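Below is one structure, written out as structure tokens, with a few remarks after it.
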Amino acid sequence: TCVGLRNLLQGLSFSVKYYSKHNHLQTVCLYSKIKHQKCHILDRSGGTCMHWTVPPGSIVPWRFFSCKEGTKIPSKRKQNTSITTSEHLYKDLLKSEQENWNDISAGYKAMTKRIKEKLEELHNKYMFNSGSPRIRFGENVYFEENGCIFLSKADDVDEGNVDILFSTEDLGFSDAFIQRIRISPDQRYMAISLKSDNSEEATCVIMKLGHFPAVEKVIPSVFSFEWATNDVLYYTSQKNLKCQNVFMTTFTNQKHTELVYTEQDARFFVDICCTKDRRFLTINSNSKTTSEVWLVECRHPFKLPALVQARTKGLIYHIEHRNDELYILTTYGEPAEYKLMKAPVASSGMENWQLVYALEKKTKLVDLEMFSDHCIMFLKNAGHLYLNVISFVSHSVQSIKLPTWACEFELESHPEYTTSTCYFQLTSPVHPPKRFAYSFKENNLIEQAVREVPIITNCHTTRLLAKSKDETSVPITVFHNMNSKELHRKPLLVHVYGAYGIDLNMSFKEEKLMLTEEGWILAYCHVRGGGELGLSWHKDGCQQNKLKGLHDLKACITLLHELGFSQPKYTALAAASAGGVLAGALCNTDPELIRAMVLQAPFVDVLNTMMKTHLPLTIEEQEEWGNPLADEKCMKYIESYCPYQNIKTQCYPSVFITAYENDQRIPLAGVLRYVQKLRKAVLDHASKTSKKGNWIPNIILDIQANGSHCDSSWEDSLNE
Numbered sequence: 001t002c003v004g005l006r007n008l009l010q011g012l013s014f015s016v017k018y019y020s021k022h023n024h025l026q027t028v029c030l031y032s033k034i035k036h037q038k039c040h041i042l043d044r045s046g047g048t049c050m051h052w053t054v055p056p057g058s059i060v061p062w063r064f065f066s067c068k069e070g071t072k073i074p075s076k077r078k079q080n081t082s083i084t085t086s087e088h089l090y091k092d093l094l095k096s097e098q099e100n101w102n103d104i105s106a107g108y109k110a111m112t113k114r115i116k117e118k119l120e121e122l123h124n125k126y127m128f129n130s131g132s133p134r135i136r137f138g139e140n141v142y143f144e145e146n147g148c149i150f151l152s153k154a155d156d157v158d159e160g161n162v163d164i165l166f167s168t169e170d171l172g173f174s175d176a177f178i179q180r181i182r183i184s185p186d187q188r189y190m191a192i193s194l195k196s197d198n199s200e201e202a203t204c205v206i207m208k209l210g211h212f213p214a215v216e217k218v219i220p221s222v223f224s225f226e227w228a229t230n231d232v233l234y235y236t237s238q239k240n241l242k243c244q245n246v247f248m249t250t251f252t253n254q255k256h257t258e259l260v261y262t263e264q265d266a267r268f269f270v271d272i273c274c275t276k277d278r279r280f281l282t283i284n285s286n287s288k289t290t291s292e293v294w295l296v297e298c299r300h301p302f303k304l305p306a307l308v309q310a311r312t313k314g315l316i317y318h319i320e321h322r323n324d325e326l327y328i329l330t331t332y333g334e335p336a337e338y339k340l341m342k343a344p345v346a347s348s349g350m351e352n353w354q355l356v357y358a359l360e361k362k363t364k365l366v367d368l369e370m371f372s373d374h375c376i377m378f379l380k381n382a383g384h385l386y387l388n389v390i391s392f393v394s395h396s397v398q399s400i401k402l403p404t405w406a407c408e409f410e411l412e413s414h415p416e417y418t419t420s421t422c423y424f425q426l427t428s429p430v431h432p433p434k435r436f437a438y439s440f441k442e443n444n445l446i447e448q449a450v451r452e453v454p455i456i457t458n459c460h461t462t463r464l465l466a467k468s469k470d471e472t473s474v475p476i477t478v479f480h481n482m483n484s485k486e487l488h489r490k491p492l493l494v495h496v497y498g499a500y501g502i503d504l505n506m507s508f509k510e511e512k513l514m515l516t517e518e519g520w521i522l523a524y525c526h527v528r529g530g531g532e533l534g535l536s537w538h539k540d541g542c543q544q545n546k547l548k549g550l551h552d553l554k555a556c557i558t559l560l561h562e563l564g565f566s567q568p569k570y571t572a573l574a575a576a577s578a579g580g581v582l583a584g585a586l587c588n589t590d591p592e593l594i595r596a597m598v599l600q601a602p603f604v605d606v607l608n609t610m611m612k613t614h615l616p617l618t619i620e621e622q623e624e625w626g627n628p629l630a631d632e633k634c635m636k637y638i639e640s641y642c643p644y645q646n647i648k649t650q651c652y653p654s655v656f657i658t659a660y661e662n663d664q665r666i667p668l669a670g671v672l673r674y675v676q677k678l679r680k681a682v683l684d685h686a687s688k689t690s691k692k693g694n695w696i697p698n699i700i701l702d703i704q705a706n707g708s709h710c711d712s713s714w715e716d717s718l719n720e
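For the sequence shown, position 277 matches number 277 in the UniProt record's numbering, and the numbering has no gaps at all.
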């Protein structure tokens, strides 16, 4: 499972299935990016993931907008009539699209059957051992399987001697999956968050453990939670996609709940973490560009939280603790990239921050994990992965380059603070997860042969640089079968995202391996707006720089064709969520570069969405897209690239869109408008250029009744 900052980032979607699923360093990696199954974030109270790595506020690698749309109408009677009429039109349109999808999809049954069988075969072959994470608590081991939480002695785990502590089905939560677990330090209580596919909000269930585990309390609409002591739990409440209140609840004889902190700024999102040494809880309030952290001392949970550093516009920071010092991951100072700094707990203001380590230029901090005597940074530089191991004892830094095929890290969940070994997995879109270990004692990297799985050896990985319109070099990662001949005749699938400082998801996916085995070329375009080359790479592709991402994408596809990787008539473009902005824009400006486009829950109506401040996330999203209501220049700039606004009568590629009825981040109404306008443009063009044998593209929309914003189980993603 994802752990650490990135988790926060890529996880909140769930805030994410990556994604994130894949908006901020994701502390609560709600979903596993490696496994195509519900992610079970098991963690003992002390094994907290730090939210480091991604700019705060990225709490989700995807769009956060809710579906509430409409304009205020003065007359109550008119308002009711308008709503009734619009509801009927909406339902009729929805029904029409569903009927259209049923007619079209019927023609692909044979192909679907073949692909599904192949994917199941690959899944069983490479992911059979991807069990849920286990947390060790002294001699006890806790783990989750199939909606149940089990307890076993460490020596008996593999013998099947387990006690069941919790079952979603037995307690009436059969439609929910376990998202996160926190166990109190004395193991008397267990807090669990449960979430269904069709809701953004989770329910927290607190169990009193013992011979007969029982439900102690149920708290609705909870986002994050941590135990301060054996019987004091801190949690954040989530409402309408916002998280701004922190509460403390006690399970002593004098049970009570009280509000501890309230965030007043709508641009900020609040969550809770626990330092690895269990000394402090951190109340983290983050926008997309600014942070503020408050500390709660676990030994004194009733004392008022203490401020680390007052929010300063543009300053991002995240906190860990070791030996009475705060370790601060921050953008403080020049250049505005991440640095590791430290300060005494008693004088934590940034005037006292001392540099421990600064990243090299164009280096992306993917994750960071603190241990008692070491800190490990997981880094990306020029497309390659590295480990930087910082020793707090010898004050040395060791840099280790990882295998060239690797594209993603996955730190194994809740490593012990005092452990002598750090375990993690490496993966790529076409390479199943492979386990590695770094030994602090031996100062070396060990490849773990934990299962007999064939190693992928026939897939070639190529890293390229494309020159964008302004001469900026844009990285591309390409995968293809080594045995493929005449690559210019092979089909090419191009991937793009380019928003929120989030990297393209390059974890293993069975369908990617299947495509390369069948001769496809896969290309991942790391355009500006994403985070592949650090925070400046994101800054150079957001707000008034969004068009740079579009120019980057065009340059990448053009270079691929020039180098003999496929050609336009065999090229498809894939994007999800905010990646739909650049993909949709390219379809408008350069439709001749691709033959097909596949979008999942796409953000294609930027201008209309950013004009509606009643939507819960519009204000916080202004730091990514700008504020068209307050700035006419910004409005015209968004209008210049917005996919919906720039549809015109021309020949388009075929388009396949998956949308979700319950998606709160991407309003379905906006996707429907986009599809209707695009179809009209395609038909108008066909009628004006009607010639025998003229090709008319398909514009297909599949509306999923279940699931929400790119968040689906392995079974659902398999069907899709």
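Quick reminder that beta carbons are idealized off the backbone N, C-alpha and C, glycines included. This structure is a prediction, so every number in the text was calculated from the model and none was measured.
### Query
Going along the chain, which residues of its own chain have a beta-carbon closer than 6 Å to the beta-carbon of ASP702, five neighbours each way excluded?
The residues are TRP101, THR658.
### Message
Quick check on the burial criterion: 16 or more other C-beta atoms within 10 angstroms. Buried or exposed for TYR641?
### Response
By the 10 Å Cβ count, TYR641 comes out buried.
### Query
Is the beta carbon of CYS422 sitting closer than 8 Å to the one on ALA406?
Not in contact: CYS422 and ALA406 (Cβ atoms no closer than 8 Å).
### From PHE565, HIS431, GLU408, residue whose alpha carbon lies closest to that of LEU504
For the options PHE565, HIS431, GLU408, the alpha carbon positioned closest to that of LEU504 is the one of GLU408.
### Query
If you count every other CB in all the chains shown that lies within 10 Å of the CB of SER348, and 16 or more means buried, which is it?
Burial is judged here by how many other beta carbons sit within 10 angstroms of a residue's own beta carbon; SER348 has at least 16 and is buried.
#### Entry: Beta-carbon gap between SER287 and TYR317 smaller than 8 Å
No, these two residues do not count as a Cβ contact at 8 Å.
#### Entry: CA-to-CA distance, VAL389 to ILE446, given in whole angstroms
Here the alpha carbon of ILE446 sits roughly 15 Å from the alpha carbon of VAL389.
### Task
Whole angstroms is fine: what's the gap from residue 800's alpha carbon to HIS495's?
Any answer about residue 800 is impossible in this case: the structure gives the chain only from 1 up to 720.
### Query
What is the rounded straight-line gap between the Cα of ILE41 and the Cα of ALA574?
Bear in mind that a pLDDT of 34 at ILE41, under 50, signals an unreliable position, so the number given afterwards is only what the model happens to contain. Looking at the two C-alpha atoms, the distance is approximately 29 Å.
### Query
Quick one: what's got a C-beta closer than 8 Å to ASN627's C-beta in the same chain, skipping five residues either side?
Closer than 8 Å at the Cβ level, and outside the excluded window around ASN627, lie MET610, CYS634.
#### Entry: Rounded separation between ILE319 and SER237 - CA only
Roughly 22 Å separates the two Cα atoms.
### 6 Å CB neighbourhood of VAL671 in its chain, flanking five on each side removed
Non-local beta-carbon contacts of VAL671 in its own chain, meaning distances under 6 Å to residues more than five positions away in sequence, involve ALA659 in chain order.
#### Entry: GLU632 - DSSP class collapsed to helix/strand/coil
Of the three classes helix, strand and coil, the one that applies to GLU632 here is helix, per DSSP.
### Message
Using only the alpha-carbon positions, how far apart do TRP353 and SER428 sit?
### Response
Between TRP353 and SER428, the C-alpha separation is close to 37 Å.
### Query
When we look at the beta-carbon of ASP605 and count the other beta-carbons within 10 Å, is it buried (16 or more) or exposed?
Buried is the call here.
### Query
Beta-carbon of SER439 versus every beta-carbon of chain B: anything under 8 Å?
Judged by its chain identifiers, the structure shown contains no chain B, having just a single protein chain.
### Task
May I have the straight-line CA-CA distance separating GLN704 from ILE149, to the nearest angstrom?
Distance between the alpha carbons of GLN704 and ILE149: 30 Å.
### Message
What would DSSP say about LEU326, mapped onto helix, strand or coil?
### Response
Here LEU326 sits in strand by DSSP.
### Task
Could you tell me which of THR571, PRO602, GLU562 sits nearest to GLY579, measuring between CA atoms?
Ranked by Cα distance from GLY579, the options THR571, PRO602, GLU562 are led by PRO602.
### Query
How close, in whole Å, do the beta carbons of ALA585 and LEU599 come, if the pair is a contact with beta carbons under 8 Å?
Between ALA585 and LEU599 the beta-carbon gap is near 12 Å, outside 8 Å, which marks them as no contact.
### Query
Beta-carbon separation of TYR327 and LYS339 under 8 Å?
For TYR327 and LYS339, no; Cβs fall outside 8 Å.
#### Entry: Integer Cβ distance of ASN284 from VAL296, believed to fall under 8 Å
With 8 Å as the limit, ASN284 and VAL296 do not qualify as a contact, their Cβ atoms being about 12 Å apart.
### Message
Quick check: VAL581 and ASP552, are their CB atoms within less than 8 Å of each other?
### Response
No, these two residues do not count as a Cβ contact at 8 Å.
#### Entry: Element boundaries [beta strand (DSSP E), containing SER237]
Boundaries of the beta strand (DSSP E) around SER237: 232 to 239.
### Task
Would you identify the three-state DSSP class for ASN505, choosing helix, strand or coil?
It is coil, neither helix nor strand.
### Collapsed DSSP secondary structure at CYS556 in the structure displayed
Helix at CYS556.
### Message
Quick check on the burial criterion: 16 or more other C-beta atoms within 10 angstroms. Buried or exposed for ARG114?
### Response
Label assigned to ARG114: exposed.
### Query
In or out: GLN309 buried (at least 16 other Cβ within 10 Å) or exposed?
Counting other Cβ atoms within 10 Å of its Cβ, GLN309 reaches 16 or more and is therefore classed as buried.
### Query
Cβ of PHE137 versus every heavy atom of the ligand SAH: is any distance shorter than 7 Å?
Here there are no bound small molecules, and the ligand SAH is not part of this structure.
### Query
Does DSSP put ARG182 in a helix, in a strand, or in coil?
Secondary structure at ARG182: strand, using DSSP grouped into helix, strand and coil.
### Query
When burial is assigned at 16 or more other CB atoms within 10 Å of the CB, is GLY172 buried or exposed?
The residue in question, GLY172, is exposed, as its Cβ has fewer than 16 Cβ neighbours within 10 Å.
### Message
Rounded to the nearest angstrom, what separates HIS384 and THR516 at their Cα positions?
### Response
Going from the Cα of HIS384 to the Cα of THR516 covers about 21 Å.
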